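Working notes for the structure below.
There are 2 protein chains.
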Amino acid sequence: MTTKSTPGSDTTARPSGQADRSTDDAAAPTERVPLTRQRVLATALRLVDAEGLDALTRRRLARELGRDVMTLYRYAPDQAALLDGIVELVLDELELPDEGQDWQTRLRRSAHNFRRLALAHPHVVNLLLTRPVATAFGLRPPATLRPLEHFLELLTTAGFSAVEAMRIHRAFVGFLYGHLLAELQDTVVNPDETEDLLRLGLHQLPPRQFPILRSLAPDLADYDGVRELDFGLDLLLAGITAIHPDSTSEGKAG
Amino acid sequence: MTTKSTPGSDTTARPSGQADRSTDDAAAPTERVPLTRQRVLATALRLVDAEGLDALTRRRLARELGRDVMTLYRYAPDQAALLDGIVELVLDELELPDEGQDWQTRLRRSAHNFRRLALAHPHVVNLLLTRPVATAFGLRPPATLRPLEHFLELLTTAGFSAVEAMRIHRAFVGFLYGHLLAELQDTVVNPDETEDLLRLGLHQLPPRQFPILRSLAPDLADYDGVRELDFGLDLLLAGITAIHPDSTSEGKAG
DNA sequence: ACAACGTATCTACACTGTAGACCTTAGACG
DNA sequence: CGTCTAAGGTCTACAGTGTAGATACGTTGT
């Protein structure tokens, strides 16, 4: 082996008789849809949802689509584009809360919508949080930015300035991300164990150094995502309401 | 260093590691430091800090240490362990605010400390946020949990219940993470441009769909991380203070 | 001296993303 | 009808990845 391939040397006519699939079956066009970008990304998303991020390799994705590996490069010029496409696709699913309610409940619903979406695609969450960091606003696909603009509009309509709205958005989304990271965390170590401390593996922590964390075992055991999210939202909304233009009667401490 | 295919030709001639200018201690080849786990991780961290996460490959890391690739497996049995080790190392640098002040300013300092640490290792932030998700509390290295326990102690000492403290921690850390993701984001697209809209690339967004975001160009341009962080902390602390045991009948703004 | 043992290295392998050349097909145009 | 063009699809090849298994090395205990 190890023949160094001199460029452009051997030109062997290759019959390519590999017929693993009946190509002459032109009467059945069901499998021969022209493979659009949407379809590639949708399949990638399905794959990630089903088997995790590591399962998303180009060869695997190509097999899933019944096409050659290199075909995919037409629809996602490199790996980053593929990941960004998945993010785009998922964010497109996000339903924005409709109008007709006060801004606090709209923010609440917004958060819960996002949470539900994230839980529906847990393996994509890491992408959702980290991919946009590498891309400036102006270069992101508009579908990715629609939730942001919606948020800004919601708050400015409520009376906040655009700058305030942007800052609130950062705090809001930040909290949301953090909540999801916490919620998606694997906490259970020994599922069969009945004692909370043992089930969560907290017994391995030195009692002297982690008394409080260990004492929280029962509370960590009956974690309720919705309740936790609402608690955090209470905090944030209280803070936001405090600087709301309509609450000027109370005065703002410097 | 040209890659060759013929196996076993010019090996065995390497009595001491090639003095390839190891960064830490570039001196006599007799220096046979036994290559502890600390040193491996420290080198990995330095590598990531200098060239980003993608530069961290085992071969590269081995070269950096002047050792064989397989040696590293003794100190980090697989890639995940290597990444977790880096997280551990970075979190070990985090200085926890000392006592002697009210809990609000301690929380504030805590956040700023973390921010400073993250900015010192921007390429590790993604790891910092996402790695722990895969590991249950009980299985994490204690160094990773010390900040958490410290936080819990801080808040319980301030009068909160342990459960409240845990929830506040989630909201707090969540916001902090989100803030960092926002701050580390690449915003500038055309550094030479003088007009904010163009420099941030926001001109590429359809004006009809993104009026507010586009109008924020000047504000996004003079982003100040400390100021932004403090704004978010204001929000959160206002909310937290509102549920503080001592503020039972007093009300929050005053 | 010998054996034992932790450490370090070599070789090999399966798998990854991707470049570049090649083939196939559909339509445009004479 | 035949030919041209271009986009879509495929093949082969290659450099680079993490890692298993066997092998060499260096120190130490007896």
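Chains as they are written, first to last, in the UniProt record's numbering: chain A, 1 to 254; chain B, 1 to 254. All residues carry an ideal CB built from backbone N, CA and C; glycine is no exception. Every value quoted in this text rests on a predicted model; they were computed, and no experiment measured them.
(message) Excluding the 5 residues flanking L198 of chain B on each side, which residues of the same chain have their C-beta closer than 7 Å to its C-beta?
(response) Contacts found: N190.
(message) Given a cut-off of 8 Å on the beta-carbon distance, is the pair L83 of chain A and R39 of chain A in contact?
(response) no
(message) Using the three-state DSSP reduction, which class does L72 of chain B fall into: helix, strand or coil?
(response) helix
(request) Using the Cα positions of A28 of chain B and D54 of chain B, report the straight-line distance between them to the nearest angstrom. (result) Residue placement at A28 of chain B cannot be trusted, given a pLDDT of 35 that sits under 50; what the coordinates show is reported in the next sentence. One C-alpha to the other measures close to 31 Å.
(request) Check each candidate in B:L181, B:T156, B:L148, B:I212 and name the one with the smallest Cα separation from E95 of chain B. (result) B:L148
(request) Kindly indicate the opening and closing residues of the alpha helix (DSSP H) around P245 of chain A. (result) Per DSSP, P245 of chain A belongs to no alpha helix (DSSP H) and is neither H nor E.
(request) Using alpha carbons as the reference points, say which of B:L235, B:L202, B:H169 lies closest to E228 of chain A. (result) B:H169
(message) Extract the residue ranges of the alpha helix (DSSP H) inside the segment 121–145 of chain B, only unbroken runs of 4 or more that lie entirely within it.
(response) 125–130
(message) Given a cut-off of 8 Å on the beta-carbon distance, is the pair G201 of chain A and A136 of chain B in contact?
(response) yes
(request) Give a yes or no on whether 8 Å exceeds the smallest Cβ distance from H244 of chain B to chain A. (result) no
(request) Would you check if the distance between the CB atom of A165 of chain A and the CB atom of L176 of chain A is smaller than 8 Å? (result) Contact: no.
(request) Please name the residues in the segment 200–211 of chain A whose beta-carbon is closer than 9 Å to at least one beta-carbon of chain B, in chain order. (result) Using a CB distance below 9 Å, the part of the segment 200–211 of chain A facing chain B consists of L200, G201, L202, H203, Q204, L205, P206, Q209, F210, P211, ordered along the chain.
(message) Using a Cβ distance threshold of 8 Å, determine whether the segment 211–229 of chain B contacts the segment 208–218 of chain A, with at least three qualifying pairs required.
(response) They do not touch, by the three-pair rule.
(message) Please report the straight-line C-alpha distance between G232 of chain A and A111 of chain B, rounded to a whole angstrom.
(response) Straight-line Cα distance between these residues: approximately 17 Å.
(message) Taking only three categories from DSSP, how would you classify P34 of chain A?
(response) coil
(request) Taking all protein chains shown into account, decide if V125 of chain A is buried (16 or more other Cβ within 10 angstroms of its Cβ) or exposed. (result) buried
(request) At 4 residues or longer, and completely inside the segment 141–222 of chain B: list those alpha helix (DSSP H) runs for me, N to C. (result) Along the segment 141–222 of chain B, the alpha helix (DSSP H) occurs as fully enclosed runs of 4 or more residues at 142–157, 162–183, 196–199, 211–215, 217–221, listed in sequence order.
(message) Just to confirm my understanding: we take T71 of chain B, look at its own chain, exclude 5 residues before and 5 after, and list those with CB closer than 6 Å. What are they?
(response) The answer is none, since no qualifying residue turns up.
(request) Scan the segment 83–114 of chain A for residues whose Cβ lies nearer than 7 Å to a Cβ of chain B and list them as they occur along the chain. (result) none
(request) Could you please tell me which residues of the segment 212–243 of chain B, in chain order, have their CB closer than 8 Å to any CB of chain A? (result) Cβ contacts with chain A: I212, L213, S215, L216, D219, L220, E228, F231, G232, D234, L235, L236, L237, A238, G239, I240, A242, I243.
(message) G225 of chain B and E183 of chain B - do their beta-carbons sit closer together than 8 Å?
(response) In this structure, the beta-carbon distance from E183 of chain B to G225 of chain B falls below 8 Å.
(request) Verify whether the separation of the beta carbon atoms of L181 of chain A and L235 of chain B is less than 8 Å. (result) no
(message) Using beta carbons (cut-off 8 Å, strictly below), is D186 of chain B in contact with chain A?
(response) Using beta-carbon distances, D186 of chain B counts as an interface residue toward chain A, with a partner under 8 Å.
(message) Quick check: is the beta carbon of G159 of chain B nearer than 8 Å to any beta carbon in chain A?
(response) no
(request) Go ahead and label L41 of chain A buried or exposed: buried means 16 or more other beta carbons lie within 10 angstroms of its beta carbon, across all protein chains shown. (result) L41 of chain A is buried by the Cβ-count criterion.
(request) State buried or exposed for A238 of chain B, treating a residue as buried only when at least 16 other CB atoms are found within 10 Å of its CB. (result) buried
(message) Output needed in chain order: residues of the segment 113–134 of chain B with a Cβ under 9 Å from some Cβ in chain A.
(response) V125, N126, L129, T130, P132, V133, A134
(request) Would you mind working out which of B:G100, B:H179, B:R74 sits nearest T133 of chain A, comparing C-alpha positions? (result) What sits at residue 133 of chain A in the sequence shown is Val, not Thr. Nearest option by C-alpha distance: B:H179.
(message) Suppose the cutoff is 8 Å on Cβ atoms and the five residues either side in sequence are ignored; what does the same chain contact list for A162 of chain A look like?
(response) L152, T156
(request) Identify each residue in the segment 139–166 of chain B for which the Cβ-Cβ distance to at least one residue of chain A is less than 7 Å, and report them in chain order. (result) Shown in chain order are the members of the segment 139–166 of chain B whose Cβ falls below 7 Å from a Cβ of chain A: L139, P142, L145, L148, E149, L152, E153, T156, A162, V163, M166.
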